[in-house]
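For reference, the structure is listed below as structure tokens.
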Amino acid sequence: MPDQSTLKQLVLGRKDVQDLSDEEHALPPDLMTVNMGPSHPAMHGTVRIVLTVDGEKIVKGDVQPGYLHRCFEKESEHATYTQVFPYTDRLNYVSPMINNCGWAMAVEKVLGIYGKVPKRAEYIRVIVSEMSRMTDHLTCIGASAMELGAFTAFLYFLKAREWLYELLETVSGARLTHSYVRVGGVSKDLPAGFDASLTNCLERIDGVIAEVEGLLNNNKIFYDRMSGIGAMTKADAIASGCVGPIARACGVDYDVRRDYPYSVYPELEFDVPVGTSGDCLDRYLVRVEELKQCIRILRQCLKQIPAGPIMIDDHRVALPPKTDAYNTIESMIRHFKHIMDGIRVPAGEAYAFVEGGNGELGFFIVADGTGRPYKAYCRSPSFVHLSTSEQLIKGHLIADVVPIFGMINMIGGECDK
Amino acid sequence: MGLELTTTRLENAAEWAKLAKQSILDKATNWGRKFSLFTYPFVTACCGMEFMSVAGPKYDIARFGAEFPRFSPRQSDLLMIVGTITEKQGPALKRVFDQMAEPKWVIAFGVCASTGGFYQNYSAMPGADQVIPVDVYIPGCPPRPEQVLDALIMLMDRIQAGRGHSQVRTKREQLVATANDSE
Amino acid sequence: MSDQVTLTIDGHQVSVPKGTNVLEAAKLVGIDISAFCYHPGLPVVAQCRQCLVSVEKNPKLQPSCQQTCGEGMVVHTTDAQSTLARKQQLEFTLVNHPIDCPICDKAGECTLQKLYFDHDNANSRVDTPKVHKAKVVDLGPHIVLDQERCILCSRCIRVCDEVAGQHQLEFAHRGDHELLTTAPGEQLDNAYSLNTVDVCPVGALTAKDYRFTMRAWELDATPSVCTGCSTGCNIEIHHKNGRAWRLIPRHNADVNKYWMCDEGRFTYHDLRVERLASATVDGLPAGWDRAIAQAAKRLGVFLKDPAQIGVVLSAVHNNEDNFALARLAREWKVGHVFVAGKPPVPARADGRLKTADVNPNTAGVKAIAEALGLSTRPAYELEGTLGSLRALVTLGDVLPGAPTGKLKELELISISAHERGAVPHAKVALPSAAWAECAGTITNAKGMVQRQHAAFAPPGQAIAGWEAVVRLAHATGVKLPWVHARDVFKEMIGQVPAWKDLTWPREARPLALRFAGSRG
Amino acid sequence: MAQKVLDALTAKWADAIVRTGSAHGDEIVWVKRDSLLDVATWLRDDPAMAFDSPVFCTCIDWLDWHPTGRPPSETWTEDKPRFTVCYQLRSLAHHHRLRVEVELPEHDPRLSSLAGLWPAFNWQERETFDMYGIRFDGHPDLRRIYMYEEFIGYPLRKDYPKEKRQPLVRRDDLIDAPHKAEHK
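Protein chains in written order, with this note's numbering: chain A, 1087 to 1503; chain B, 3 to 185; chain C, 8 to 527; chain D, 3 to 186.
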């Protein structure tokens, strides 16, 4: 007949806490391995981290991307230059327009028509890029806030993002994956009344930003979970190839729009916010400031945008008007060759880069003289930033992985390509 | 049409469904089930942005009783596959699905989850239904939020009719068990 | 006096044999002069005027296809005069051209499209109505003509005259009403008629076999060799989605030049007819493992007395398959080796490309059997031997001279791509890849060994013939150490003296026609 | 803009450099692969160069085509250069950029890793290894990064078919489940 405690153990399947010995009470001395992701709400669905933890403290993190590897390069090698635009949309799907612009610029570089795109098209590109940058930052901040429990901020920013999506939809016809930019210009002009609706929208977003700042900036929980978390030094940031808001939060004063100006950015006035401590809070603050700068740029653009064509007048790259394509054999052939064989890009290699939502987004193209790229490499900021995360999370608690990842703003499509 | 196509993947699932007459209790249970779907968002890619919109203030999936995402498969009964499933992701998806308790339903959100879409290559899987059975497919790259709500209503009809994959499977097992008992 | 002349084209010095024309010389330095009527395999007529270039000290532009190179000649192809001539010529050509690209079979591989896009690319200036002509003219058994699309280059007329030796096409009427038509009392039915479709620079002539089946730009091309007869014409398989859609001749100066016969073009249909897609045992489908085990078991009884076993090599299969089976036959020390092939068709031989022997690899099998020291007999002598035979391993489905009743009494093991002929009577049938589905070499009547590439995967469980032989060999305890057709080839050239210097070219990967530049 | 970088390079590293060039605003230097690490260290540490910021690392597979008009693949042998590994560098201090390219033969695609000099190249070189099978000597952790360990081959090489999948898992009730088909 077993004694009372053993019987209890048999019945309950475990010992009662008071029955535990001292050794059993103590935490196990050896390190533990915890798997996080790939399907984890904070891992954005596409990253797996194998954490080695000492209690709650992270000793080592093996970050494994690749769960969203959709073969951007291989697909591009089998598509015409124009057909690559939809693939670029889905790289950084939070700011697709910027990717479009980057790809268009890279192709224009190899074609030798870089800088010859009509002014109005360039302005439109800047407008849609900045709107995309805003959706990117709104999503990044909103989602991160939600992951830290601030659900209201998420809903407010999502509301603002929705306004921008609706505007972008009137421009391109799609809410998210626009494929709006073309080599040599953009696919269609801005719709009537766009000026007024964007002005209106920006005013409302101004308000939303103020609201969310009020909710977050002096919020003790938010502050405590962001401040001092995932800090990186300036030197580390540079050597690890960090760019964009993350590098700027570390004090790296570098912005492609200002330092390697492209498009019509030289004609626009904007400030580049730079942080000091390089922690999550600084990354958040830099992003909020960039949102305000975006609004500033957009307002200038609306004032300065000239009238004129939106596509370069070059038969090598521009499609003929639809009426001509249907009614004359010459334009029909041109249309056909553009669509089926692709824009014939002369042999050469070029690297073009723009300031994406997360920093320097570059496309490296090798052209072989046919209508498709021989190689199309995407320099994705997310991938570079994610590679630093192993260092960033070291020494922090498991819960801190969430804000660090949120503020790195790893976008699966762009990181895994 | 789309619904019927999906059921052909299970052997004679439609036939089984016809055999399975719903009792009043079944109807009541299914009525309850359809209005309290707990979603596991298996978010991998671009469609996640639209999933946020669906969950967000304007489209508000809460109107259909399916607003509350559960990030544990054991607490959820609707698996939303939102985005591209790669070969590397496949085992994780299967694991999550297997961990969900019956009855469970699956929505493939967007063309990538449905067929692979324009990602036909060495890494992207040609549709999540290569790994798990899917109840409703939503086309679109990404689908508009309205389409998602439409799909949700389609799924609700399906649940009410007892024609979800897992419902049919359960029913079939029951029928087989009864048949074996009576022998 | 040297037989080379040196001239300058757009600043590039180039040396060419005497008699070469300027257009060909320009190709050597990478300058592609536009032309419609010129074809390297046909007589020069210089009638399209598209290839005009300026030659120094010559006041008028010269057609570069007709202008032979002279010593010290200075040619310009990009100066204002010849550029303008090209553009204007294209504008003229397009004046009456219908707006057919979306419904035209040639679109995507059309020379007119290519040249317009590369050399003119200007908007239309014509506002008068186009001249209309007949759209669907049935020219013969294989070909349909669209007279509106025709740009009157006369390539097709010359193909009939030169390649087939029959004058079946001509021009009628004058000016913008001129049109292509059949010669009086003729129709376009010669044995090489489909070459006219290949050379047609526009979509005027289309093949009934191919039209409206597949868009040209969707296709992938894989180089191969025709298996229609022992000539071994070099071809390209145009395929998509795991099936061939057409065969197109590939240039080989030593074999078929630019041409092939109509009969050969249709051989791809056989790739999808009566295919053996799974291994069978006693006529019922079985997996590879079971089929091989069964084959080995049934053969095993006779392997102790191999005189009772016969092996049939095939003049239809490639060298690798035959070499593998011949090697196995030698290892087994079988009593009888036969060579099977389709019976010759003497009426076919025409002194051009078509030969009487309709087997692609007769010479190859002969060389292999000789090199391995096997004495072979033709398969039609099989009947006399059947009495002393108990088991037969055959390659291919052709087995002439074997009565069905007697075959049924044998332990017949067939390695075949098709389920017909003797294969349905086989005790064990092993599915093999057909010629377009596996890498290999075949030997034509002249003894030239030519490489075939795999265009797409074989259906179902089928694998390359030599691989089936390797599996069969392993099951009977014979080790053949090959994992790739290249390994078989390497061993084969070591054994066949005449082939010892051959090399195995890299596997050709499908070339997407869409990005390969236009053809025509 | 960075012509002075190229001049300095040719002056100091004449033996290590194959050639230099510039294309579409990018300065390119082709370096012999044995000297890559030395040249790269100098590029980083020399105050006049100060390439402190790495941009990207990738590889080009020249199997199908080459700008110098190399003959088509069928007649081309294995010891000729097939791969070019590109490192794009940038100097934040001097505001100049440079692409370092190294040509590698097919049978021995191997070069020294730069991950020790710039940590950013750690993952980028892993990616290049994963996609092209380039071996980086001295890399601390050369594993696959995008594809899974079970994956065979290097998918971005030109001879890897685009749609050749290597499934890890498939449903059992699929009739045409590829993993159930007999492996050839």
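Backbone N, C-alpha and C fix where the C-beta goes; we use that ideal spot for every residue, glycine too.
Legend entry - Same chain only: Cβ atoms within 7 Å of residue 56 of chain D, ignoring 5 sequence neighbours per side: As a first step, residue 56 of chain D must be located in the fourth sequence, where it is residue number 54. 91, 120, 122 and 123.
Inset, instruction - Thinking residue 473 of chain C and residue 489 of chain C are a contact (beta carbons under 8 Å), I'd like their distance in whole angstroms, please. - result: The residue labelled residue 473 of chain C in the question sits at position 466 within the third sequence. The residue labelled residue 489 of chain C in the question sits at position 482 within the third sequence. With 8 Å as the limit, residue 473 of chain C and residue 489 of chain C qualify as a contact, their Cβ atoms being about 7 Å apart.
Legend entry - For residue 183 of chain D, three-class secondary structure by DSSP: Counted from its first residue, the fourth sequence places residue 183 of chain D at position 181. Caution applies to residue 183 of chain D, whose pLDDT of 38 falls short of 50 and renders its modelled position unreliable; the value that the coordinates give is listed next. Reduced to three states, the DSSP call for residue 183 of chain D is coil.
Inset, instruction - Identify whether residue 1184 of chain A lies in helix, strand or coil by the three-state DSSP scheme. - result: Here residue 1184 of chain A refers to the residue found at position 98 of the first sequence. The answer is helix: DSSP assigns residue 1184 of chain A an H, G or I state.
Inset, instruction - Would you please state the rounded distance, in angstroms, between the beta carbons of residue 12 of chain C and residue 71 of chain C? I believe it to be under 8 Å. - result: Reading the third sequence from its first residue, position 5 is the one you call residue 12 of chain C. Reading the third sequence from its first residue, position 64 is the one you call residue 71 of chain C. 15 Å between Cβ atoms; not a contact.
Legend entry - Contact set between the region 41-67 of chain D and chain F, restricted to residues whose Cβ is under 7 Å from the partner: No chain F is present in this structure, whose protein chains are A, B, C and D.
Legend entry - residue 487 of chain C: contacting residues in chain A (beta-carbon distance under 8 Å): The residue you call residue 487 of chain C lines up with position 480 of the third sequence. By Cβ distance, chain A contributes nothing, its closest Cβ being about 36 Å from residue 487 of chain C, past 8 Å.
Legend entry - Residue of A/1403, A/1421 and A/1166 minimising C-alpha distance to residue 1063 of chain A: This structure cannot speak to residue 1063 of chain A, because chain A is shown only from 1087 to 1503.
Inset, instruction - Specify whether the region 1208-1225 of chain A and the region 1435-1454 of chain A touch according to this definition: at least 3 beta carbon pairs, one from each stretch, less than 8 Å apart. - result: yes
Inset, instruction - Could you work out which residue in A/1278, A/1357, A/1387 and A/1449 is closest to residue 1339 of chain A when comparing CA atoms only? - result: As a first step, residue 1339 of chain A must be located in the first sequence, where it is residue number 253. Taking only the C-alpha atoms, the option nearest residue 1339 of chain A is A/1357.
Inset, instruction - Determine the chain C residues that contact residue 161 of chain D at a beta-carbon separation under 8 Å, and present them in chain order. - result: For this step, residue 161 of chain D is matched to residue 159 along the fourth sequence. The contacting residues are 514 and 516.
Inset, instruction - Compute the Euclidean distance between the alpha carbons of residue 155 of chain D and residue 251 of chain C, then round it to the nearest angstrom. - result: Start at 1 with the first residue of the fourth sequence, and residue 155 of chain D comes out as number 153. Start at 1 with the first residue of the third sequence, and residue 251 of chain C comes out as number 244. Those two C-alpha atoms are separated by around 27 Å.
Legend entry - Pairwise C-alpha distance: residue 67 of chain D and residue 84 of chain D: Position 82 of the fourth sequence holds residue 84 of chain D. Position 65 of the fourth sequence holds residue 67 of chain D. Their backbone Cα atoms lie some 10 Å apart in a straight line.
Inset, instruction - Tell me, please, whether the CB atom of residue 525 of chain C is closer than 8 Å to any CB atom in chain D? - result: Here residue 525 of chain C corresponds to residue number 518 of the third sequence, with the count starting at 1. Summary for residue 525 of chain C: the model assigns pLDDT 46, below 50, so the residue's position carries little reliability, and this model does not support an answer.
Inset, instruction - Measure from the C-beta of residue 56 of chain B to each C-beta in chain D and report whether the shortest distance is under 8 Å. - result: Walking along the second sequence from the start, residue 56 of chain B turns up at place 54. For residue 56 of chain B, the answer is no, since every Cβ of chain D falls outside 8 Å of its Cβ.
Legend entry - CB of residue 1342 of chain A within 8 Å of CB of residue 1197 of chain A, strictly: By one-based count along the first sequence, residue 1342 of chain A stands at place 256. By one-based count along the first sequence, residue 1197 of chain A stands at place 111. No, Cβ-Cβ distance for residue 1342 of chain A and residue 1197 of chain A is not below 8 Å.
Legend entry - Beta-carbon separation (whole angstroms), residue 1250 of chain A vs residue 1217 of chain A, contact threshold 8 Å: Residue numbering aside, residue 1250 of chain A sits at position 164 when the first sequence is read from its first letter. Residue numbering aside, residue 1217 of chain A sits at position 131 when the first sequence is read from its first letter. 5 Å between Cβ atoms; contact.
Legend entry - Environment of residue 26 of chain B [buried if 16+ CB atoms lie within 10 Å]: To locate residue 26 of chain B, count along the second sequence from 1; it is residue 24. It is exposed - the Cβ of residue 26 of chain B has fewer than 16 other Cβ atoms within 10 Å.
Inset, instruction - Give the interface partners of residue 1161 of chain A over in chain C, defined as CB-CB distance under 8 Å, in chain order. - result: As a working note, residue 1161 of chain A is residue 75 in the first sequence. By Cβ distance, chain C contributes nothing, its closest Cβ being about 13 Å from residue 1161 of chain A, past 8 Å.
Legend entry - Minimum Cβ-Cβ distance from residue 153 of chain B to chain A less than 8 Å: Position 151 of the second sequence, counted from the start, is the residue given in the question as residue 153 of chain B. Closer than 8 Å: no.
Inset, instruction - Go ahead and pull the three-state DSSP assignment for residue 107 of chain D. - result: Taking the first residue of the fourth sequence as position 1, residue 107 of chain D is located at position 105. Strand, per DSSP.
Inset, instruction - Report yes or no: do the region 341-360 of chain C and the region 381-396 of chain C share at least 3 C-beta pairs separated by less than 8 Å? - result: yes
Inset, instruction - Evaluate the contact criterion for the region 1314-1324 of chain A versus the region 1278-1292 of chain A: three or more CB pairs, one atom per stretch, below 8 Å. - result: no
Legend entry - Segment limits, beta strand (DSSP E) that includes residue 1137 of chain A: As a working note, residue 1137 of chain A is residue 51 in the first sequence. Taken as a continuous stretch (DSSP letters only), the beta strand (DSSP E) holding residue 1137 of chain A covers 1134-1140.
Legend entry - Under 8 Å between C-beta atoms of residue 166 of chain C and residue 203 of chain C: Counted from its first residue, the third sequence places residue 166 of chain C at position 159. Counted from its first residue, the third sequence places residue 203 of chain C at position 196. Yes; because the gap between Cβ atoms is below 8 Å, this pair is in contact.
Legend entry - Beta-carbon contacts of residue 215 of chain C that lie in its chain and below 7 Å, excluding the five residues immediately before and after: Taking the first residue of the third sequence as 1, we reach residue 215 of chain C at position 208. So the qualifying residues of the chain are 149, 150 and 151.
Inset, instruction - Check each candidate in C/45, C/46, C/26 and C/17 and name the one with the smallest Cα separation from residue 33 of chain C. - result: Residue numbering aside, residue 33 of chain C sits at position 26 when the third sequence is read from its first letter. Ranking C/45, C/46, C/26 and C/17 by Cα distance to residue 33 of chain C puts C/17 first.
Inset, instruction - Please name the residue in C/522, C/260 and C/298 whose C-alpha comes closest to that of residue 1456 of chain A. - result: Counted from its first residue, the first sequence places residue 1456 of chain A at position 370. That would be C/522, whose Cα lies nearest to the Cα of residue 1456 of chain A.
Legend entry - is_contact[residue 1138 of chain A, chain B] using C-beta, thresh 8 Å: Position 52 of the first sequence holds residue 1138 of chain A. No, its Cβ sits nowhere closer than 8 Å to a Cβ of chain B.
Inset, instruction - Rank A/1210, A/1179 and A/1238 by C-alpha distance to the C-alpha of residue 1396 of chain A and give the top, closest one. - result: Within the first sequence, residue 1396 of chain A is the residue found at index 310, counting from 1. Among A/1210, A/1179 and A/1238, the Cα nearest to that of residue 1396 of chain A is on A/1210.
Legend entry - Residue span of the beta strand (DSSP E) that contains residue 33 of chain B, given as start and end: Sequence index remark: in the second sequence, residue 33 of chain B carries index 31 (1-based). That residue, residue 33 of chain B, is in no beta strand (DSSP E); its alpha helix (DSSP H) goes 26-36.
Legend entry - Cβ contact (3+ pairs, closer than 8 Å) linking the region 63-79 of chain B and the region 137-145 of chain D: no
Inset, instruction - Tell me, to the nearest whole angstrom, how far the beta carbon of residue 1474 of chain A is from that of residue 1312 of chain A; I am working on the premise that it is less than 8 Å. - result: Start at 1 with the first residue of the first sequence, and residue 1474 of chain A comes out as number 388. Start at 1 with the first residue of the first sequence, and residue 1312 of chain A comes out as number 226. The pair is not a contact, with the Cβ atoms about 17 Å apart (cut-off 8 Å).
Inset, instruction - Kindly list, in the order they appear in chain D, the residues whose Cβ is closer than 7 Å to that of residue 1435 of chain A. - result: Locating residue 1435 of chain A in the first sequence gives position 349, counting from the first residue. By Cβ distance, chain D contributes 25.
Inset, instruction - May I ask you to report which of helix, strand or coil DSSP gives residue 42 of chain B? - result: The residue you call residue 42 of chain B lines up with position 40 of the second sequence. Looking at residue 42 of chain B - three-state DSSP - the assignment turns out to be strand.
Legend entry - Option nearest residue 78 of chain B by Cα separation, candidates B/44, B/141 and B/59: Residue 78 of chain B sits at position 76 when you count from the first residue of the second sequence. The option with the nearest alpha carbon to residue 78 of chain B is B/44.
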